[in-house]
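Asker: So in the working numbering, the last one in the sequence shown is 593, and the numbering has no gaps at all.
By construction, the Cβ of each residue, glycine as well, lies at the ideal position given by its N, Cα and C atoms.
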Amino acid sequence: MRGSASHLIQLAAAPRILCTTAISRSPAMKIRTVILASVMALAAGSALVVGQQQAAEAPASSRPAMTRPAVAGRHGLVTTGHPIASSAGLQILLKGGNAFDAAAAVGAMAALGEPEMNGIGGNGFMTVFHKGTGKVWSLSMAGAAPKGLVPADMTAETLNAGMKAGIVPGNLGGYLYALERFGTMTIAEVFAPAIDYAESGYPIDPMLAQSISRGRNNLAKYPTTAKIFLPGGEPIKAGELYRNPDYAATLRKLVEAEQQAKAKGASRSAAIQAAFDRFYKGDIAQEFDRFFKANGGVLTAADLAAYTPKWTEPLRTTYRGHDVYSNPATSRGGFEVLMAANLIEPVDLAAAGAGSPAALHAVIEAIKISKADIYRYVADPAFVTVPTLGLLSRDFATSRRALFNPARAIAYPAAGAPA
Numbered sequence: 175m176r177g178s179a180s181h182l183i184q185l186a187a188a189p190r191i192l193c194t195t196a197i198s199r200s201p202a203m204k205i206r207t208v209i210l211a212s213v214m215a216l217a218a219g220s221a222l223v224v225g226q227q228q229a230a231e232a233p234a235s236s237r238p239a240m241t242r243p244a245v246a247g248r249h250g251l252v253t254t255g256h257p258i259a260s261s262a263g264l265q266i267l268l269k270g271g272n273a274f275d276a277a278a279a280v281g282a283m284a285a286l287g288e289p290e291m292n293g294i295g296g297n298g299f300m301t302v303f304h305k306g307t308g309k310v311w312s313l314s315m316a317g318a319a320p321k322g323l324v325p326a327d328m329t330a331e332t333l334n335a336g337m338k339a340g341i342v343p344g345n346l347g348g349y350l351y352a353l354e355r356f357g358t359m360t361i362a363e364v365f366a367p368a369i370d371y372a373e374s375g376y377p378i379d380p381m382l383a384q385s386i387s388r389g390r391n392n393l394a395k396y397p398t399t400a401k402i403f404l405p406g407g408e409p410i411k412a413g414e415l416y417r418n419p420d421y422a423a424t425l426r427k428l429v430e431a432e433q434q435a436k437a438k439g440a441s442r443s444a445a446i447q448a449a450f451d452r453f454y455k456g457d458i459a460q461e462f463d464r465f466f467k468a469n470g471g472v473l474t475a476a477d478l479a480a481y482t483p484k485w486t487e488p489l490r491t492t493y494r495g496h497d498v499y500s501n502p503a504t505s506r507g508g509f510e511v512l513m514a515a516n517l518i519e520p521v522d523l524a525a526a527g528a529g530s531p532a533a534l535h536a537v538i539e540a541i542k543i544s545k546a547d548i549y550r551y552v553a554d555p556a557f558v559t560v561p562t563l564g565l566l567s568r569d570f571a572t573s574r575r576a577l578f579n580p581a582r583a584i585a586y587p588a589a590g591a592p593a
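1. What does the Cβ neighbour count give for T398, buried or exposed, with the cut at 16 atoms within 10 Å?
2. Whole angstroms are fine: how far does the CA of G495 sit from the CA of F578?
3. Taking C-beta to C-beta, are A352 and V302 nearer than 9 Å?
4. Looking at the unbroken beta strand (DSSP E) that takes in G298, where does it start and where does it end?
5. For a minimum of 3 consecutive residues, which ranges assigned as the beta strand (DSSP E) are wholly contained in the segment 284-360?
6. Give the DSSP-derived three-state secondary structure of D420 in the structure shown.
7. From the DSSP output, in three-state form, read off A475 for me.
8. With a cut-off of 8 Å on the beta carbons, I'd call S567 and P592 a contact; round off their distance for me.
9. DSSP beta-bridge partners for P377?
10. Roughly how many whole angstroms lie between the Cα atoms of A384 and A576?
11. Please return the same chain residues whose Cβ sits closer than 7 Å to the Cβ of M328, not counting the five positions on each side in sequence.
12. Look at G255 and N292 and say whether their C-beta atoms are less than 9 Å apart.
13. Write down the C-beta distance between G263 and V252 rounded to the nearest angstrom, noting that I regard them as a contact closer than 8 Å.
14. Measure the CB-CB distance between A282 and A362 and report whether it falls below 9 Å.
15. Quick check: the Cα distance between S200 and H304, rounded to an integer number of angstroms?
16. When the Cα atoms are used, what is the spatial distance from G347 to E432?
17. Could you tell me which of A528, S314, G389, A514 sits nearest to P606, measuring between CA atoms?
18. Would you tell me roughly how many angstroms separate the C-alpha atoms of R550 and P502, rounded to the nearest one?
19. Starting from K484, follow its DSSP beta bridges and name the residues at the other end.
20. Please classify Y416 as buried or exposed, where buried requires at least 16 neighbouring CB atoms within 10 angstroms.
21. Let me know if R490 comes out buried or exposed under the rule of 16 or more other beta-carbons within 10 Å of its beta-carbon.
22. Evaluate A218 with the Cβ neighbour count: other Cβ atoms within 10 Å of its Cβ, from every protein chain shown; 16 or more gives buried, anything less gives exposed.
23. From which residue to which residue does the alpha helix (DSSP H) around S573 run?
24. Among residues of its own chain, excluding the 5 on either side of L425, which ones have a beta-carbon nearer than 8 Å to its beta-carbon?
25. Report buried or exposed for A335, applying the criterion of at least 16 other Cβ atoms within 10 angstroms of its Cβ.
26. Excluding sequence positions up to five away, which residues of its chain have a Cβ less than 7 Å from the Cβ of D275?
27. Under a Cβ-count criterion, where at least 16 other Cβ atoms within 10 Å of its own Cβ denotes burial, should E461 be classed as buried or exposed?
28. In three-state terms, what does DSSP make of L267?
29. Taking its Cβ as the centre, do 16 or more other Cβ atoms sit within 10 Å of T504, making it buried, or is it exposed?
30. Would you grab the beta carbon distance between N392 and L286 for me? Rounded to a whole angstrom, and I think it's under 8 Å.
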């Protein structure tokens with residue numbers, strides 16, 4: 175989920191950390207390995223959450239909970255959290271599209287394959303390696319909280335669910351920005367697979383069926399959601415056909431905006447911008463406004479109109495001779511993987527063996543320690559000062575590494591004190 179050059183593609187389609195590796199022969203990169211740690215925190219607009227324990231109890235599924243099998247073509251591969259999302263990306267590659275074209279197709283389709291985890295209404299981050307120039311970029315696809323939200327009125331419960339938990343949907347805009355800057359195809363082309371599946375339907379897998387069943391009380395609160403996931407008042411069962419014609423209609427509106435702009439002589443870039451504007455400043459934004467007002471939320475059309483995805487310089491560290499890049503704050507996950515890489519650098523994971531107890535223990539402890547620091551120091555830099563250099567410094571990693579115990583798991587630690 176998550177973008178890269180046409181000969182390198184690793185698409186993240188859920189809020190998990192993925193690493194993409196490519197060998198660059200650009201002089202600027204000095205024939206070294208570049209690792210892009212891309213975190214795509216793609217939250218669904220109607221959040222259906224399956225906890226860790228619940229996922230472990232899930233029945234056999236076509237969507238393995240802990241694997242992301244790669245679907246390879248001749249010049250690239252796609253790996254996502256769901257087969258239909260991977261299929262959409264591969265279709266685009268086989269038609270001559272590049273990684274950014276495929277990423278947009280994957281993002282649109284993932285909302286159908288994993289609506290409990292993904293959606294164009296969520297937020298995400300993208301780390302991009304451009305082979306031709308040897309340049310690495312980060313793209314923040316994270317929308318802000320509504321301006322009308324009053325923190326003092328919020329509780330932990332209302333922050334996690336309900337109308338006041340809604341934020342500006344960033345993913346859709348991010349996909350369009352990446353498509354415009356680095357892609358080659360039209361919105362009509364990259365959204366075609368998702369539109370087809372949304373209108374025609376597909377048999378859902380047991381994991382999604384279980385999520386719908388467990389979230390039925392929340393889904394039933396909103397008629398527009400209930401008609402999709404609870405037809406006839408009952409949750410869709412595994413193997414039954416799942417359609418989302420409303421989602422298809424939204425995607426078709428974006429295609430329509432693009433095509434109308436092109437018919438008036440607009441360039442490819444301007445036509446994609448027209449679709450962006452329809453979502454964030456046009457009738458779709460107005461529908462967001464109407465729905466949230468009608469249901470006690472505070473997200474407004476003005477909040478959507480103020481959103482712009484942001485291209486930034488990525489964060490960087492090194493790991494055993496590799497350059498590792500990821501997204502800066504507000505991305506916590508991307509930040510975390512760099513800190514974990516610093517912590518675990520002295521451990522020879524290859525010698526320990528992939529999946530061995532020693533390797534897993536080291537990785538788990540590194541993540542645990544990193545999270546303690548991330549949750550203490552990393553937030554939106556528009557509101558807080560993030561000690562980026564201190565958190566990624568070798569001295570800080572050395573001090574935090576003292577918490578490691580190779581023989582046993584440590585308790586969740588207190589945050590450290592970066593310089």
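Answerer: In terms of the structure at hand:
1. By one-based count along the sequence shown, residue 398 stands at place 224. Result: exposed.
2. For the purposes of this step, residue 578 is taken as residue 404 along the sequence shown, with counting starting at 1. For the purposes of this step, residue 495 is taken as residue 321 along the sequence shown, with counting starting at 1. Near 23 Å, if we compare the C-alpha coordinates of G495 and F578.
3. Stepping through the sequence shown from its first residue, residue 352 is reached at position 178. Stepping through the sequence shown from its first residue, residue 302 is reached at position 128. Yes; because the gap between Cβ atoms is below 9 Å, this pair is in contact.
4. Indexing the sequence shown from 1 puts residue 298 at position 124. G298 -> beta strand (DSSP E) spans 298-304.
5. 298-304, 309-315
6. Counting from one through the sequence shown, the residue named residue 420 turns up at place 246. In this structure, D420 counts as helix in the three-state DSSP scheme.
7. Here the question's residue 475 lines up with position 301 in the sequence shown. It is helical.
8. Stepping through the sequence shown from its first residue, residue 567 is reached at position 393. Stepping through the sequence shown from its first residue, residue 592 is reached at position 418. Between S567 and P592 the beta-carbon gap is near 7 Å, inside 8 Å, which marks them as a contact.
9. Indexing the sequence shown from 1 puts residue 377 at position 203. Partner(s): L415.
10. Residue mapping note: residue 384 aligns to position 210 of the sequence shown, counting from 1. Residue mapping note: residue 576 aligns to position 402 of the sequence shown, counting from 1. The sequence given here places Gln at residue 384; Ala does not occur at that position. Roughly 42 Å between the two C-alpha positions.
11. Sequence index remark: in the sequence shown, residue 328 carries index 154 (1-based). Closer than 7 Å at Cβ, skipping near neighbours: K338.
12. As a first step, residue 255 is located in the sequence shown; it is residue number 81 there, counting from the start. As a first step, residue 292 is located in the sequence shown; it is residue number 118 there, counting from the start. Against a cut-off of 9 Å, the Cβ pair of N292 and G255 comes out as a contact.
13. In the sequence shown, counting from the first residue as 1, residue 263 sits at position 89. In the sequence shown, counting from the first residue as 1, residue 252 sits at position 78. That belief holds up - the Cβ atoms of G263 and V252 are roughly 4 Å apart, short of 8 Å.
14. Here the question's residue 282 lines up with position 108 in the sequence shown. Here the question's residue 362 lines up with position 188 in the sequence shown. The answer is no: Cβ separation not under 9 Å.
15. Position 26 of the sequence shown holds residue 200. Position 130 of the sequence shown holds residue 304. Summary for S200: the model assigns pLDDT 31, below 50, so the residue's position carries little reliability; its value from the coordinates is reported in the next sentence. If you take the alpha carbons of S200 and H304, they lie about 10 Å apart.
16. Position 173 of the sequence shown, counted from the first residue, corresponds to residue 347. Position 258 of the sequence shown, counted from the first residue, corresponds to residue 432. The straight-line gap from Cα to Cα measures roughly 14 Å.
17. Summary: the structure shown does not reach residue 606, with the chain confined to residues 175 through 593, and so no result is reported for it.
18. In the sequence shown, residue 550 corresponds to position 376, counting from 1. In the sequence shown, residue 502 corresponds to position 328, counting from 1. Going by the C-alpha atoms only, they are around 15 Å apart.
19. For this step, residue 484 is matched to residue 310 along the sequence shown. Note: K484 sits in a beta bridge opposite S314.
20. Taking the sequence shown and counting its residues from 1, one reaches residue 416 at position 242. It counts as buried.
21. If you number the sequence shown from 1, residue 490 lands on position 316. Exposed, because fewer than 16 other Cβ atoms sit within 10 Å of the Cβ of R490.
22. The residue labelled residue 218 in the question sits at position 44 within the sequence shown. Below a pLDDT of 50, predicted positions are generally treated as unreliable, and A218, at 31, falls in that range; the measurement from the model is reported next regardless. A218 should be labelled buried.
23. Walking along the sequence shown from the start, residue 573 turns up at place 399. Start and end: 568-575.
24. If you number the sequence shown from 1, residue 425 lands on position 251. Taken in chain order, the residues that qualify are A282, F365, A368, I369, A372.
25. Taking the sequence shown and counting its residues from 1, one reaches residue 335 at position 161. Under this definition A335 is an exposed residue.
26. The count along the sequence shown starts at 1 and reaches residue 275 at position 101. Within the same chain, D275 has close Cβ partners I266, L353, G357, T358, M359, V364.
27. As a first step, residue 461 must be located in the sequence shown, where it is residue number 287. Burial is judged here by how many other beta carbons sit within 10 angstroms of a residue's own beta carbon; E461 has fewer than 16 and is exposed.
28. For the purposes of this step, residue 267 is identified with residue 93 of the sequence shown, where counting begins at 1. DSSP places L267 in helix when its eight states are reduced to three.
29. Position 330 of the sequence shown holds residue 504. So T504 counts as buried.
30. Here residue 392 refers to the residue found at position 218 when the sequence shown is read from its first residue. Here residue 286 refers to the residue found at position 112 when the sequence shown is read from its first residue. With 8 Å as the limit, N392 and L286 do not qualify as a contact, their Cβ atoms being about 19 Å apart.
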